[in-house]
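Novice: Residue numbers (the working numbering): 2 to 292.
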């Protein structure tokens, strides 16, 4: 019997090379589009999602797993593992964490299941999953692992820029007023995840997202020059159908840190359901939380 198993939900965007090292199980979230239901990463990719949106002219909605599915998932993993760690998308953005807690209470071996709120999305979750795997490899006890996880949450930086507000608005992630103003003025919001919540940190009024990419990279550069980037972690670049943006991001970031720790990753369909196409982000681990 293995000692520990990590489970992440499918909104955890992690490059294949790193996912293989993590060896995590994936809980596939649910996407509904044009009255048809898909399992994220299993039935649908981000690119396939955008193709369907283009054909059907409908926008997707997303939902978490139900309690029964989560209970079965935990019990299946407990057959071969002494302890299961389930790392979820931020509870501020999804009911998955609360459902997982409820499912855990229905399992006789509930003390062997540890539920962790990432307070993040996409590649922010991936960074925390890598930190969790490092603690497990060190054979730390669950109490210390949970404490380390809470400390790491404060140091993850995750920001991204979107090209259209249609998807966020459809998923209830932005107000009607924000949608109206953003659409009329053709704004590109830079969204940052702090304390589990998404907030707009800057609005870019340029016609394309190049300026927003410059802002995100300049913020990284400032932290790097201050010695506040933890280069023991990879730097992740979540991409949602944004080839030109990725080219620019890689060019600028390579000048700062080289290629070896840069990892682009195509976002999952569930993340793409909220970001829309032509979106790109930047995730990295700080040594100390920025003010």
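The beta-carbon is built from N, C-alpha and C at its ideal position, and this holds for glycine as well. All figures in this text were calculated on a predicted structure; none of them were measured in a lab.
As a quick exercise: from 65, 25, 234, 141, pick the residue whose alpha carbon is nearest that of residue 272.
Specialist: In the chain shown, the residue the question calls residue 272 occupies position 271. The residue with the shortest Cα to Cα distance from residue 272 is 65.
Novice: Where residue 18 and residue 28 are concerned, what is the direct C-alpha to C-alpha distance, given to the nearest angstrom?
Specialist: If you number the chain shown from 1, residue 18 lands on position 17. If you number the chain shown from 1, residue 28 lands on position 27. Rounded to whole angstroms, residue 18 to residue 28 spans 19 Å at the Cα level.
Novice: Look at the Cβ atom of residue 193, then the Cβ atom of residue 157, and state whether they are nearer than 7 Å.
Specialist: Residue 193 sits at position 192 when you count from the first residue of the chain shown. Residue 157 sits at position 156 when you count from the first residue of the chain shown. No, these two residues do not count as a Cβ contact at 7 Å.
Novice: Please state the DSSP three-state secondary structure of residue 139.
Specialist: For the purposes of this step, residue 139 is taken as residue 138 along the chain shown, with counting starting at 1. Looking at residue 139 - three-state DSSP - the assignment turns out to be coil, as it is neither helix nor strand.
Novice: Assign residue 192 to one of three DSSP states: helix, strand, or coil.
Specialist: Translated into positions along the chain shown, residue 192 becomes position 191. Correct three-state label for residue 192: strand.
Novice: Looking at residue 287: is its Cβ nearer than 7 Å to the Cβ of residue 227?
Specialist: Along the chain shown, one-based indexing puts residue 287 at 286. Along the chain shown, one-based indexing puts residue 227 at 226. No, the Cβ-Cβ distance between residue 287 and residue 227 is not below 7 Å.
Novice: Would you mind reading off the limits of the beta strand (DSSP E) that contains residue 62?
Specialist: For this step, residue 62 is matched to residue 61 along the chain shown. Note, residue 62: beta strand (DSSP E), 62-64.
Novice: Excluding the 5 residues flanking residue 276 on each side, which residues of the same chain have their C-beta closer than 6 Å to its C-beta?
Specialist: The residue you call residue 276 lines up with position 275 of the chain shown. Taken in chain order, the residues that qualify are 163, 241.
Novice: Do residue 1 and residue 11 have their C-beta atoms closer together than 7 Å?
Specialist: With the chain running from 2 to 292 in the structure shown, residue 1 is simply not present.
Novice: Quick one: any contact between the region 31-40 and the region 88-103, if contact means 3 or more CB pairs under 8 Å?
Specialist: As far as the Cβ criterion goes, the region 31-40 does not touch the region 88-103, which means the pair count is below three.
Novice: Checking the sheet assignment: what are the DSSP bridge partners for residue 84?
Specialist: As a working note, residue 84 is residue 83 in the chain shown. Note: residue 84 sits in a beta bridge opposite 5.
Novice: How would you write the range of the alpha helix (DSSP H) that residue 98 sits in, first residue to last?
Specialist: As a working mapping, residue 98 is identified with position 97 in the chain shown. Unbroken alpha helix (DSSP H) run through residue 98: 97-106.
Novice: Going by C-alpha distance, which of 85, 207, 36, 256 is nearest residue 8?
Specialist: Position 7 of the chain shown, counted from the first residue, corresponds to residue 8. The residue with the shortest Cα to Cα distance from residue 8 is 85.
Novice: Candidates 47, 195, 233: which alpha carbon is nearest residue 160's?
Specialist: Within the chain shown, residue 160 is the residue found at index 159, counting from 1. Residue 160 has its Cα closest to that of 195, out of 47, 195, 233.
Novice: What span of residues does the alpha helix (DSSP H) with residue 198 cover, start to end?
Specialist: As a first step, residue 198 must be located in the chain shown, where it is residue number 197. From DSSP, residue 198 is part of no alpha helix (DSSP H) but of the beta strand (DSSP E) over 198-205.
Novice: Give me the residue from 25, 60, 22 with the minimum Cα distance to residue 38.
Specialist: The count along the chain shown starts at 1 and reaches residue 38 at position 37. For residue 38, the nearest C-alpha among the options comes from 60.
Novice: For residue 140, which residues from the same chain have a beta carbon less than 8 Å from its beta carbon, with the 5 sequence-adjacent residues on both sides left out?
Specialist: By one-based count along the chain shown, residue 140 stands at place 139. Closer than 8 Å at the Cβ level, and outside the excluded window around residue 140, lie 4.
Novice: Judging by CA-CA distance, which residue of 72, 71, 128, 41 is the nearest neighbour of residue 231?
Specialist: On the chain shown, residue 231 is found 230 positions in, with the first residue counted as 1. The shortest Cα separation from residue 231 among 72, 71, 128, 41 belongs to 128.
Novice: Quick check: the Cα distance between residue 135 and residue 16, rounded to an integer number of angstroms?
Specialist: The sequence position of residue 135 within the chain shown is 134, counting from 1. The sequence position of residue 16 within the chain shown is 15, counting from 1. The straight-line gap from Cα to Cα measures roughly 17 Å.
Novice: By alpha-carbon positions, which one of 258, 197, 116, 142 ends up nearest to residue 74?
Specialist: As a first step, residue 74 is located in the chain shown; it is residue number 73 there, counting from the start. Checked all of 258, 197, 116, 142; the closest Cα to residue 74 is 116.
Novice: Just mark residue 83 as buried or exposed, buried being the case when its beta carbon has 16 or more other beta carbons within 10 Å.
Specialist: Along the chain shown, one-based indexing puts residue 83 at 82. When all chains shown are included, residue 83 counts as exposed.
Novice: State the DSSP-derived secondary structure class of residue 282, mapped to helix, strand or coil.
Specialist: Here residue 282 is taken as the residue at index 281 of the chain shown, counted from 1. In the structure shown, residue 282 sits in a strand (DSSP, three-state: E or B).
Novice: DSSP on residue 69, reduced to helix/strand/coil?
Specialist: By 1-based counting over the chain shown, the position of residue 69 is 68. If DSSP states are grouped into helix, strand and coil, residue 69 belongs with the helices.
Novice: In angstroms, rounded to a whole number, what distance separates the CA positions of residue 283 and residue 200?
Specialist: Mapped onto the chain shown, residue 283 falls at position 282. Mapped onto the chain shown, residue 200 falls at position 199. Rounded to the nearest angstrom, the two C-alpha atoms are 15 Å apart.
Novice: Quick one: residues in its chain with C-beta nearer than 6 Å to the C-beta of residue 208, no 5 flanking neighbours on either side, listed in chain order?
Specialist: The count along the chain shown starts at 1 and reaches residue 208 at position 207. Contacts found: none.
Novice: For the alpha helix (DSSP H) holding residue 45, just list the boundary residues, first then last.
Specialist: The count along the chain shown starts at 1 and reaches residue 45 at position 44. Unbroken run through residue 45: none, as it is neither H nor E.
Novice: With residue 118 as the anchor, note down where its beta strand (DSSP E) starts and where it stops.
Specialist: One-based indexing of the chain shown puts residue 118 at position 117. Here the beta strand (DSSP E) through residue 118 covers 114-118.
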